[in-house]
């Protein structure tokens, strides 16, 4: 701590010298910091209190059309866990150092919001002064800015590490990933952590340079070999790791499903209750199954608590995410049916019922004909959804809609 404090004092002394004398700070800071200070001085007031904000709707539109959004969504649990465990704030930017996404631990989140380190915040050094996001973007290499190396005093209490993000196919620069915390929590592995997280996001991006509207991106997610664990549970069971299919028995698949749906981890007792319920199965039997699963996952399964150590994508989370965004047709298209049909795991039965009800309720509220017909393939005797769709078309005056004969035929079969 004494060494860090001395380093902070030296940075503050150099900054004060630069602000007061200009050239006098030249030998006291790294060249890239000095160059950035020179760019910042004519553009940014020393007493700037917050970053300027870009247009909110434009920022949101850019984010939703970016491959970064797909990559972050696929590894978001890991990013959030990192932020919460270290009380960090994480950010992802575009190539102009405009923040597109952030997530912070409890303390750092409040500090970040106070200076507009939020979606839409402009953190290029011409807007808010020297910082690691701008340097990593400008220099295209991992960068660190400590305490008063920042030009703006509002972040003199911060330390930031940032690493560039590139398109995994074309290599084009897409922005940076930054992690920030208070200066006194500076750690030697900070820069390495930023690099690892940036790599994690890059690996999770779709292997395509054709970026689409949200519904098309959701469909495209099924067409690429996704990194980490990809688990399909709805209608059928299939697990792959880095594109390679895992050969698991029924019980191991159920264990994997429970761990994937509880990424923060489960104790041995919790996992036993969720898997077996009241059945008289010994803990040693469960431990043996977990051991076989750990071997199949090449050791990527921690204990105390049991937790998967890789990016996780499940069709359950995908469907529920689409429903939360109101993309009902896409959710039904991704919904393959019951979750692990025939499972006796009480937790998985409960989750399966939750997903099924969520899909059904979404269709009753927004009975889109094509989506209802897709759903009828999976639930042919659910007459309420068919009737709701026919009534909706009649109320809206679309009595000649081409789906009506098909809906009526489905309804007749269900009533027979």
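In the numbering used here, the protein residues as written are 981 to 1396. Don't be surprised by glycine CBs; every beta carbon is placed ideally from N, CA and C.
- For residue 1292, the pairing in a beta bridge is given by DSSP as 1209.
- A contact between stretches requires three or more CB pairs, one per stretch, nearer than 8 Å, and the region 1094-1103 fails this requirement with the region 1045-1065.
- Taking residue 1320 as the centre and dropping the five residues before and after it, the same chain places the C-beta of 1213, 1217, 1233, 1234, 1237, 1328, 1332 closer than 8 Å to its C-beta, in chain order.
- Contact between residue 1178 and residue 1143 holds: their C-beta atoms lie close to 4 Å from each other, under 8 Å.
- Judged by beta-carbon spacing, residue 1032 lies within the 8 Å limit of residue 1107, meaning their Cβ atoms are closer than that value.
- Using a C-beta cut-off of 8 Å, the region 1351-1368 makes no contact with the region 1287-1300, since fewer than three inter-stretch Cβ pairs fall below that distance.
- Residue pairing by DSSP places residue 1224 opposite 1221 in a beta bridge.
- At the C-beta level, residue 995 and residue 1128 come within 8 Å of one another.
- For residue 998, the enclosing alpha helix (DSSP H) covers residues 982-1001.
- At a Cβ-Cβ threshold of 8 Å, residue 1111 and residue 1125 count as neighbours.
- By the Cβ-count criterion, residue 1020 is buried, with 16 or more other Cβ atoms from all chains shown falling within 10 Å of its own Cβ.
- With distances taken between CA atoms, residue 1221 lies nearest to 1275 out of 1275, 1334, 1385.
- Around the C-beta of residue 1159, 16 or more other C-beta atoms lie within 10 Å, and the residue is accordingly described as buried.
- A check of alpha carbon separations from residue 1268 across 1382, 1248, 1258 identifies 1248 as the nearest.
- DSSP places residue 1103 in the coil class of the three-state scheme, outside both helix and strand.
- With a minimum length of 4 residues, the unbroken runs of alpha helix (DSSP H) contained wholly in the region 1297-1374 fall at 1308-1314, 1326-1345, 1349-1358.
- For residue 1017, the enclosing alpha helix (DSSP H) covers residues 1011-1020.
- Secondary-structure assignment with DSSP links residue 1146 through a beta bridge to 1153.
- With the rule of 3 Cβ pairs closer than 8 Å, the region 1367-1374 counts as touching the region 1345-1352.
- Taking each of 1302, 1348, 1089 in turn and checking the Cα distance to residue 1335, the smallest one comes out for 1302.
- DSSP places residue 1087 outside any beta strand (DSSP E); the residue lies instead in the alpha helix (DSSP H), whose first and last residues are 1086-1094.
- Here residue 1348 is not near residue 1310, since their CB atoms are 8 Å or more apart.
- Shown here for residue 1055: same chain residues with a beta carbon closer than 7 Å to its own, the five before and five after excluded, namely 1180, 1181, 1184, 1291 in chain order.
- Checking the DSSP bridge columns, you'll see residue 1247 has no partner listed.
- In this structure, the CA atom of residue 1277 is about 25 Å from the CA atom of residue 1316.
- Excluding residues up to 5 positions away in sequence, 1220, 1293 lie with their Cβ nearer than 6 Å to the Cβ of residue 1210 in the same chain.
- Apart from sequence neighbours up to five positions away, the residues of its chain that approach residue 1105 with a beta-carbon distance below 6 Å are 1016, 1019, 1020, 1114, ordered along the chain.
- Per DSSP, reduced to three states, the secondary structure at residue 1135 is helical.
- Residue 1386 is positioned such that its CB atom lies no closer than 8 Å to that of residue 1379.
- For residue 1181, the enclosing alpha helix (DSSP H) begins and ends at 1170-1184.
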